[in-house]
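Here the sequence shown stands for residues -8 to 525, where the numbers follow the working numbering.
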Amino acid sequence: MKNKTEHIFVNQIGYAPAEKKLAFISNFDGCPKEFNLCDSTGKVVYSGKLGDGIKDALCEEEVFCADFSDFSEEGSFTVCCGGFESYPVKIGKNLYNDLYKSILNYYTLSRCGEEVSDKKWGHPACHTVEADIYGTDLKTTITGGWHDAGDYGRYVVAGTKTIMDLLMAYENSGSVYSDFDILDEVRFELEWLLKMQREDGAVYHKISCYHFCGFVFPQFETEKQVLAPVSTAATADFAGCLAFASSFYENQDKAFADKLMAAALKAQSYLDSNEDNFYSNPKEITTGGYGDMNVSDERYFALCSIYVKTKDEALLKRAIEIRLKAIREEVIDPKAPWRRTWFESYSWGNVSAYGTEILLRNKELLPSELYEELKGAIITRAEKIVSVINAASYKTSHERVFWGSNGMVCDEAHILLLAYDLTGKKDYFDGAARQLDYVLGCNPINICYVTGNGTNSVKNPHHRPSGALKTVMPGMLSGGPSAGLQDEVARNNLTGQPPLKCFIDHVGSYSTNEVAIYWNSPLVYVIAKLGYLK
Ligand code: G3I
Ligand code: 9MR
Ligand code: ZN
């Protein structure tokens, strides 16, 4: 018995009337060359020809594009082809408001150290017990911050990336989406970050229990916590993030803004007088690592962000020296030619694009040739991403599919949207929109990767509160397919699958189905920037 929806993949949240509208159809016996758009009565309201099939190495099947961009009537439809029918396709305005609210509400529900009031997901304050300061006999109590992901750890590297994305989203959606106070939510994480800074300006890498707990609600993880050693990555991310964030609070709370900036400068001063300190878990700690053996991008981000606040040209000079040194000393690994040592990125492990974007927004503070060079670097990255998208069966930006791939395609969409801001070239805007289509349903799993949204969405994420309640918290973007098969469930169920099918909606698959604050945050940014809230 064929499943009517199995071959047609659509953005399950909806399409903007005036924008490009693509559905994807995986080849099947007798697949015709045309498709129809049908209204809720089954009446054909639009017919079109399928594009040429593309069979790429990410999905290993021939996939056709069904382009219905020139149909702009608002309403609910289905894409029909050869007896198969898609999930409902909505065309209209303001289709993203509920999704946007739910992916933002995830942060409020993830708050640590204070009571969370929610009928289903609420709980008393958690993780208020003392923490060992690793390597000393001292203890401290550090409350606040968001739980990182499916676990309850609180990691500086993850929190700072999240804040950057949410604040950049706020710049585009703050006025449109007044139902959710992004600045207030981000302030909750900033207040926690301030507690993570040591007297000398260094920043502790994370605070968590020594080991991951079972699938219980947060208040039942009562084991001893530990404040992990300081790291250059955490200190530099802290400096760059808090300097950038300080501008957002200057009007509403100058004292808080000044506190953020002072802490950023103190972190920078620590960086200036200390060699790189690469984090890796001490043997007693087995929670998340966020290890990073290249912190030139973090140092660059910090210098760029503080430069535009202080106008101290020596900082700009040092930032550019870091960038040029990395490019000059680039050693291409023949086994991994894609792994460049310097390219603009918004990922948690390579935050260089935040620095470059901050500089490009302050054109008047840059020598013109530097502005042109940085603009050229973003355009080069965008052109490469667009060429990958054009050759991809599902128009995605993956070159490889690894842990957190759904967050990665949203980060790549951020690069495209920055390039669009710089050039007005619509290919970049459209390429970013395709990444949103992909995570919301235009994928070979035929799933909306955001829990509680869309017709067929992720139900069993690797997320402790959801696992404990055996129901799913809405508004969380699953990490998505990962060809690395880095957990037992993935290895047992996905071996032999093509990369984009290396996903299983199973609570045990943390490498393909966990959720994370810094996978939701680029999604928040992309929706806000595409203007889908209007
Ligand atoms: O960057 C390389 C890429 O160049 C290469 O092509 C690819 C395939 O080999 O691997 C990529 O590296 C992967 C990296 O994620 C990319 O960010 C590593 O294989 C992969 O092991 C690494 O996984 C990280 C995972 O922790 C394990 O360390 C995820 O990024 C990171 O999101 C995840 O973070 C966890 C926290 O530790 C704990 N809290 C949950 C959170 C989400 O799962
Ligand atoms: O739940 C943990 C998840 O947050 C991490 O991303 C993942 C990788 O570090 O580890 C998960 O914890 C598992 C541990 O690694 C192995 N034993 C089972 C734990 C729960 O799945
Ligand atoms: Zn907690």
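We treat Cβ as the ideally placed atom computed from N, Cα and C, and that holds for glycine.
Using 8 Å for Cβ pairs, my map puts residue i next to residue j. What's the rounded Cβ distance?
i, j, result
"V299", "K215", "Actually they do not touch by this definition, with Cβ atoms about 41 Å apart."
"C439", "Y385", "In fact, because the Cβ distance is near 14 Å, the residues do not count as touching under 8 Å."
"G522", "I4", "Wrong, their Cβ atoms sit about 14 Å apart, outside the cutoff."
"G135", "F68", "G135 to F68, Cβ: 46 Å. No contact."
"D156", "P490", "In fact, because the Cβ distance is near 25 Å, the residues do not count as touching under 8 Å."
"I526", "N511", "Outside the modelled stretch of the chain, which goes from -8 to 525, sits residue 526, for which no answer is possible."
"L158", "F235", "7 Å"
"Q210", "H114", "5 Å"
"Y143", "R455", "7 Å"
"I124", "T131", "6 Å"
"L28", "F59", "5 Å"
"M467", "T486", "Incorrect: roughly 26 Å between the Cβ atoms, too far for contact."
"F208", "A459", "5 Å"
"L185", "I154", "That pair is no contact at about 12 Å."
Specify, as a first and last residue, the run of the alpha helix (DSSP H) that residue i falls within.
i, result
"Y37", "Element bounds for Y37: not the alpha helix (DSSP H) but the beta strand (DSSP E), 35 to 40."
"G398", "396 to 414"
"F15", "No alpha helix (DSSP H) contains F15, which is instead part of the beta strand (DSSP E) from 13 to 17."
"G535", "Nothing about residue 535 can be read from this structure; the chain reaches only from -8 to 525."
"W333", "It is not in any alpha helix (DSSP H) - W333 carries neither H nor E in the DSSP assignment."
"A474", "Here A474 belongs to no alpha helix (DSSP H), and DSSP marks it neither H nor E."
"C295", "287 to 301"
"Q259", "245 to 263"
"E176", "173 to 186"
"L307", "304 to 319"
"G422", "417 to 430"
Residues in its own chain within less than 8 Å of residue i by CB, not counting five upstream and five downstream?
i, result
"G499", "H453, D478, E479, V480"
"A57", "I(-1), L13, A14, F15, I16, F26, G39, L41, G42, V70, C72"
"K84", "A7, P8, E65, K525"
"S502", "W394, G470, S473, G475, L476, Q477, D478, A481"
"E106", "G113, H114, P115, A116"
Tell me which residue opens and which closes the beta strand (DSSP E) that residue i is part of.
i, result
"N27", "25 to 30"
"F235", "F235 -> not in any beta strand (DSSP E); alpha helix (DSSP H) instead, spanning 223 to 240."
"C200", "197 to 200"
"V217", "216 to 218"
"A122", "122 to 124"
For residue i, collect the residues of the same chain with a Cβ closer than 7 Å to its Cβ; drop the 5 residues on either side in sequence, then sort them by chain order.
i, result
"D421", "K11"
"V379", "S388, E390"
"V392", "L49, P472, S473, A474, P490, L491, C493"
"N163", "A519, K520"
"H202", "T277, T278"
"R314", "Y291, W333"
"F247", "Y240"
"G340", "D283"
For residue i, which residues from the same chain have a beta carbon less than 6 Å from its beta carbon, with the 5 sequence-adjacent residues on both sides left out?
i, result
"Y362", "K354"
"Y337", "A344, D402, H405"
"Y332", "Correcting the residue type first, residue 332 is Thr in the shown sequence and not Tyr. Hits under 6 Å: A317, E321."
"Y161", "I173"
"N346", "Inspection of the sequence shows that residue 346 is occupied by Gly rather than by Asn. Within the same chain, G346 has close Cβ partners Y291, F292, C295."
"C204", "E212"
"Q188", "V194, A254"
"K257", "G192"
"L307", "Y298"
"S372", "The question names Ser, yet the displayed sequence has Arg at residue 372. Within the same chain, R372 has close Cβ partners E335, I406."
"H138", "S101, C103"
"F269", "M284"
List the DSSP bridge partners of residue i.
i, result
"W137", "R102"
"Y6", "I82"
"F269", "For F269, which the question treats as bridged, DSSP gives no partner whatsoever."
"G66", "I82"
"V54", "S17, I45"
"Y146", "K197"
"S527", "Residue 527 lies beyond the stretch modelled for the chain, which goes from -8 to 525, so this question has no answer here."
"T131", "A122"
"C439", "S448"
"H453", "E505"
"S469", "V506"
"F59", "DSSP output for F59 lists no bridge partner at all."
"F75", "C72"
"F0", "F15"
"E498", "Checking the displayed sequence, the identity of residue 498 turns out to be Val instead of Glu. V498 is not bridged to any residue."
Open item on the list: Can you tell me which residues fall inside 5 Å of ligand 2, judged by beta-carbon distance to its nearest heavy atom, and keep chain order?
Closed with: G141, D142, F203, Y501
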